[in-house]
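J.: Residue numbers (the numbering used here): -2 to 163. Please read through the structure below; I'll follow up with questions.
Here is the structure:
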């Protein structure tokens, strides 16, 4: 269990959050075209995993916008925005916002991701969704930056994630 809060109240998080130096667990999530997308789909690229509860909340939407703005300047890197939102909602949000530098992935058929990545909110009003986290993986899926945001309502440390890619 991790020390994560929602509006100041402790919530339980299930699974084991990947540590820096570990290999990221394989996953299979759902892309915007409803296809299955695996971590291995991005072999040879560095990956930023922006994990959050739902694009329909202010902080989550801000993180997608911010990573979209930063992604254009990243070489050999893909930003994967992972949430429980359906692919339709993710695509609608990105389309309305003009966001085309990030890849959205849904937990629709990939609920195991929550436990495998240690972001499963197990208690409180957001139970069943993903906690806010950012993982940066190198070209070989080794974790080079890991942040499980301690307060769900706070943004991640964008600068620390980018520094890991320098």
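Glycine residues also receive a C-beta, built at the ideal position from the N, C-alpha and C atoms.
(1) Going by DSSP, what residues sit across from residue 47 in a beta bridge?
(2) Give the straight-line distance between the Cα atoms of residue 22 and residue 133, rounded to the nearest whole angstrom.
(3) For the candidate residues 139, 120, 136 and 152, whose alpha-carbon lies nearest to that of residue 129?
(4) From the DSSP output, in three-state form, read off residue 160 for me.
(5) Using the Cα positions of residue 6 and residue 150, report the straight-line distance between them to the nearest angstrom.
(6) Per DSSP, residue 210 forms a beta bridge with which residues?
(7) When you compare each of 4, 25 and 0 to residue 111 by their alpha carbons, which one comes out closest?
T.: Looking at the coordinates:
(1) 78 and 131
(2) 13 Å
(3) 152
(4) helix
(5) 11 Å
(6) Outside the shown range of the chain, which is -2 to 163, sits residue 210, and nothing can be said about it.
(7) 25
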